[in-house]
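Asks: Quick one: this structure, given as structure tokens, is what I'll be asking you about.
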Amino acid sequence: MGFSQSIPKPEDILGFKVGADYHLATYTQAIDYLKILAKNSERIKLFDMGETSMGQTMVYAVISSSENIAQLDKYKQISKKLSLVKGLSLQEAKKLAQQGKPIVYIDAGLHASECAPAQHNIQLAYNLVTTKDPKTLRILKNVIILLVLANPDGMNLLAEWYHPNVGTPYEVSSMPWLYHKYAGHDNNRDSYIVNLIETQNLSRLVNKEWYPVILHNHHQTAPFPARIWTPPNSEPTNPNVHSLIVRWQNLIGSAMGAAFDTEGKEGAISRLIFDTWYPGYVTQVVDSHNIISILTETALYRYATPHFYTIRDFPKQYQDLTMSAFYPNPWKGGWWRLKDAVDYCLTASMAILDVASKYPRELLFNKYKMGFDIIERFSKEPPYAWIIPKNQRDPGTASLLLNRMILLGIDIFESNEAFSCDGIKYPAGTYLIPMTQPFALFIKNVFEEQQYPDLRKYPDLWQGLVNPKKFEGAPFESYDMMGWTLPYQCGVEVFTANSPVNPQMSLLKEVKPEQGNVKGKANYAYLISHETNASFTATNRILKQGGKVFWAKEPFSANNNRFPEGTIIIPSNSVRRTFMEKLAKDLYLKISGISKKPKGTTYAIKKIRLGMYKSWIPSVEEGWTRLIFEKYEFPYFSIYDADIRAGNLEKSYDVVIIPDTYRPEMVINGYSKGTMPPKYVGGITLNGLRNLKQFVENGGTLIFMNSVCNLAIDHFGLPARNILKKIKREEFVCEGSLLRMEFDTGHPIAYGMQKETATVFADSCVFEILPSFKERKEPKSVAKYPDENPLMSGWIYGDKIIRQKTTILDVPYGNGKIILLGFPVQFRAQPYGTFKILFNSIFYGGIE
Ligand SMILES: [Zn+2]
293 MGFSQSIPKP EDILGFKVGA DYHLATYTQA IDYLKILAKN SERIKLFDMG ETSMGQTMVY
353 AVISSSENIA QLDKYKQISK KLSLVKGLSL QEAKKLAQQG KPIVYIDAGL HASECAPAQH
413 NIQLAYNLVT TKDPKTLRIL KNVIILLVLA NPDGMNLLAE WYHPNVGTPY EVSSMPWLYH
473 KYAGHDNNRD SYIVNLIETQ NLSRLVNKEW YPVILHNHHQ TAPFPARIWT PPNSEPTNPN
533 VHSLIVRWQN LIGSAMGAAF DTEGKEGAIS RLIFDTWYPG YVTQVVDSHN IISILTETAL
593 YRYATPHFYT IRDFPKQYQD LTMSAFYPNP WKGGWWRLKD AVDYCLTASM AILDVASKYP
653 RELLFNKYKM GFDIIERFSK EPPYAWIIPK NQRDPGTASL LLNRMILLGI DIFESNEAFS
713 CDGIKYPAGT YLIPMTQPFA LFIKNVFEEQ QYPDLRKYPD LWQGLVNPKK FEGAPFESYD
773 MMGWTLPYQC GVEVFTANSP VNPQMSLLKE VKPEQGNVKG KANYAYLISH ETNASFTATN
833 RILKQGGKVF WAKEPFSANN NRFPEGTIII PSNSVRRTFM EKLAKDLYLK ISGISKKPKG
893 TTYAIKKIRL GMYKSWIPSV EEGWTRLIFE KYEFPYFSIY DADIRAGNLE KSYDVVIIPD
953 TYRPEMVING YSKGTMPPKY VGGITLNGLR NLKQFVENGG TLIFMNSVCN LAIDHFGLPA
1013 RNILKKIKRE EFVCEGSLLR MEFDTGHPIA YGMQKETATV FADSCVFEIL PSFKERKEPK
1073 SVAKYPDENP LMSGWIYGDK IIRQKTTILD VPYGNGKIIL LGFPVQFRAQ PYGTFKILFN
1133 SIFYGGIE
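Read in order, the letters of the sequence shown are residues 293 to 1140 in the working numbering.
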């Protein structure tokens, strides 16, 4: 079918060629152009998949032959059937694999500053839609392509930042805000828990609608001086994937390498740096969904600005251009322009499509085969299922976690009868996740404890094939987290079934906590448990209404029940019962009425004027913290360097949070002069630091999060030190693992916590309290590591150093408080089980 004569080229519409120096198309321009293609060709169809965090519509393109485009539903159904396995015999699967078309998902622009891939989508769409080349026509005949721009907001933000700077001294300066409203670069750490609306949209597309055989996730930048990185991946390999995934990754990666060399594009490298251990990535999350993920990392200078490299710019070991198995055609230097990067992306995408067009039946049948093998495996070996009791400390969070798993393609059931398993009795209504489902390895991957392998144990398999730094001295980290067990992070109780379990049960579309209610007369007050995250949403709504809130300082008895310290007390003369009933219903809360004032004392909780420091050196943790503030309805104001430099903070704020940043000293110094437009230069400065001190001395509360606690220790003269600050890698390694922590639940910062809980350790601090000066009040330790190895999931080396060491400090300072949260209580918005430490700290900050 050919409209191709009348189809405008990208440059006809954009006004510049895709990849031209100094030019980046915005998301809006890209979609406008795709719409023109869709109007003029039967090879492309556009669909919406939902909104972005900043309210744009996410549009994706489906490209194939016009014959295939006319039958998309048929091919979608075939893919779904093969992928879900159920009710399909081997013979039927083989037949379907003959009839189907492999769906290949290609996304770009997830990391907006890595700008070539998103530009390449525009050119790729044009090339595919207008091609007359026989090889490409075969691709269109045999393959259905989903073309996705994964971060529309970022694509616009980046172009809007870059273009005015072109030709100024700030042409290659970094963008002073996150390229995703909340997550920035961490939008590629969200895939196994789908907190972001964009990740939810993408996950629905992949796991509920199209069931692609291959997912290609474009990134930049390649390990210098290589021009592109492709699979085979580095080690360690995540064990919760079918071996066929790894085989196809290796095959496709090698085919890509051959395509680069055929086209005379030097510098394709494989097998180092990027491992597949962590499943939070867009790529690794789909591996355990039996989708072959392909990551590529194309070389990048900055934006659309060209750069010239000589061999002398290369690291020493690359300067003699040695040929090697995974880098057989070294790059020799020269110009590198956006156009080059776009061309490399095009070669990479086309190589994948070429493989898919050559092996359509094998790929489709293998998809079935993987699911089939996994179902077979777990009908014979444990874990047979995951069992999740309905009765949880925080039922809202348990439901949230399970609903996210449903969105990720997992089948969750509710038992219709009581049953027992491994000697434990479970009542009717218990949730079950049987492992006899095709994506069972995903649930195993995120629910089990991670046993990070000691890479030194496998020299024949791995040594020399991984980043050599990993073999120096102490054991080594993976590229990202080493342990992530989601039920631990969320504080959700989960059991594995080590023997077969098969009660009568029904599949759930959605998991809902038990209905909330208000019980008993409330002549005096309403009581809400401090254990649920929803209790903070409730508190914020009550305070917003003008209601009064108190926290019980001591345990007390009422209505023949025992209520622990921290119980939330809302005097009934400050709120209407109908309001409380609505709250109970909307937030699934169990609220008790009491008619007499309970014994004991209370803290009065007030509405907090909360300031959230936002550096011009963007911090993903600042973004994630905003996301959870909005989710739990904490009002806040972002405050900037200039606000802190101006001082008088106590006039506007009760509590100021300094979120975790890459390098704490950067809070003070910011960008140096000349590197950025003047507005963004300079940090809070030492003067700002003095203003923060004054703010606390006058009664304010400062909360420091994770590594930025070092700033407080170094500059506020606190009677404490971080004993990990100067520790060497040979003595201690722990990055991104889950550790057991003990809490003083009698301290308001730990109200509602369990005495022992899993916590995230990632670039964290542990404190030693120093003998303090007489006039200073003693800091209080709110939490510490136990007197044994605290590892729950992941890896730790040298754990003795942190045993019994303090992790949260409440430091009286002048008339105010400094709170040091030495570990990331809201890390990437994932540890729902420890969010309340931050929430408590905020309200505690307002207690007089
Ligand atoms: Zn990236």
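Ideal Cβ positions, reconstructed from N, Cα and C, are used throughout, including at glycine.
Just so you know, these numbers come straight off a predicted model, no measurement behind them.
Applying the 10 Å Cβ sphere with the 16-neighbour rule, what's the burial state of W627?
Replies: exposed
Asks: For the beta strand (DSSP E) containing H477, list its first residue and its last residue.
Replies: Careful: H477 lies outside any beta strand (DSSP E) and carries neither H nor E.
Asks: Could you give the residue range of the alpha helix (DSSP H) that holds W627?
Replies: That residue, W627, is in no alpha helix (DSSP H); its beta strand (DSSP E) goes 626 to 628.
Asks: R869 by DSSP, collapsed to three states: which one?
Replies: helix
Asks: Using 10 angstroms around the beta-carbon of H599, count the other beta-carbons present and answer buried if the total reaches 16, otherwise exposed.
Replies: exposed
Asks: Would Q541 be called buried (16 or more neighbouring beta carbons within 10 Å of its own) or exposed?
Replies: buried
Asks: With distances taken Cα to Cα, identify the nearest neighbour of F855 among D1036, M872, I886.
Replies: I886
Asks: Could you pull out every residue in the same chain whose Cβ sits closer than 6 Å to the Cβ of K899, ignoring the five residues on either side in sequence?
Replies: L835
Asks: Kindly examine ligand 1 and report whether one of its heavy atoms sits closer than 7 Å to the Cβ of N448.
Replies: no
Asks: Counting only the same chain and skipping the five closest in sequence on each side, list residues whose C-beta sits under 7 Å from that of Y895.
Replies: F842, W843, K845, P1040, I1139
Asks: For V947, report the span of its alpha helix (DSSP H) as first-last.
Replies: Where V947 is concerned, there is no enclosing alpha helix (DSSP H), although the beta strand (DSSP E) it sits in stretches over 947 to 950.
Asks: Could you work out which residue in S671, T722, F734 is closest to L699 when comparing CA atoms only?
Replies: F734
Asks: Out of curiosity, what's the CA-to-CA distance linking G549 and G556?
Replies: Taking the straight line joining both Cα atoms gives about 11 Å.
Asks: Which residues have their C-beta within less than 6 Å of a heavy atom of ligand 1, listed in chain order?
Replies: H403, E406, H511
Asks: Please say whether E558 and W623 have beta carbons closer to each other than 8 Å?
Replies: Less than 8 Å divides the Cβ of W623 from the Cβ of E558.
Asks: Find the nearest neighbour of L800 within the set Q576, N493, S770, I725, judged by alpha-carbon distance.
Replies: I725
Asks: Please report the straight-line C-alpha distance between S333 and A648, rounded to a whole angstrom.
Replies: 23 Å
Asks: Does DSSP classify M904 as helix, strand or coil?
Replies: Looking at M904 - three-state DSSP - the assignment turns out to be strand.
Asks: Would you mind working out which of Y744, C1026, V1074 sits nearest K1047, comparing C-alpha positions?
Replies: V1074
Asks: For L1144, which option in S298, A317, E1070 has the closest C-alpha, if you only look at C-alpha atoms?
Replies: No statement about residue 1144 is possible, as the shown extent of the chain runs from 293 to 1140 and does not include it.
Asks: From D304 to T320, what does the alpha carbon distance come to, in whole angstroms?
Replies: 16 Å
Asks: Label L646 either buried or exposed according to how many other C-beta atoms from any shown protein chain fall within 10 Å of its C-beta, with 16 as the threshold for buried.
Replies: According to the sequence shown, residue 646 is Asp rather than Leu. A residue is called buried when at least 16 other Cβ atoms come within 10 angstroms of its Cβ; D646 meets this threshold and is buried.
Asks: In whole angstroms, give me the CA-to-CA distance for Y818 and F664.
Replies: 53 Å
Asks: Can you tell me whether DSSP reads K387 as helix, strand or coil?
Replies: helix
Asks: Is F339 helix, strand or coil when you go by DSSP?
Replies: strand
Asks: On a CA-only basis, which of M968, E769, Y816 is nearest E1022? Give me that one, please.
Replies: For E1022, the closest C-alpha among the options M968, E769, Y816 is that of E769.
Asks: Quick one: any contact between the stretch 907 to 917 and the stretch 857 to 875, if contact means 3 or more CB pairs under 8 Å?
Replies: no
Asks: Does the stretch 348 to 367 come close enough to the stretch 437 to 449 to have 3 or more Cβ pairs within less than 8 Å?
Replies: yes
Asks: So, does the stretch 578 to 589 touch the stretch 730 to 749, judging by three or more C-beta pairs under 8 Å?
Replies: yes
Asks: Give me the Cα-Cα distance between D283 and A451, rounded to the nearest whole angstrom.
Replies: Outside the shown range of the chain, which is 293 to 1140, sits residue 283, and nothing can be said about it.
Asks: List the DSSP bridge partners of P863.
Replies: A817
Asks: Using a Cβ-Cβ cutoff of less than 8 Å, which residues in the same chain neighbour R1013 once the five nearest sequence positions on both sides are dropped?
Replies: I1005, F1059, E1060, L1062
Asks: Check for me: the beta strand (DSSP E) holding N809 runs from which residue to which?
Replies: 809 to 811
Asks: Can you name the start and end residues of the beta strand (DSSP E) that T575 belongs to?
Replies: For T575, there is no enclosing beta strand (DSSP E); the residue is found in the alpha helix (DSSP H) stretching over 574 to 579.
Asks: In the structure shown, what three-state DSSP assignment does A617 receive?
Replies: coil
Asks: Ignoring anything shorter than 4 residues, give me the alpha helix (DSSP H) runs that lie fully in the stretch 368 to 443, in order along the chain.
Replies: 382 to 391, 408 to 422, 426 to 434
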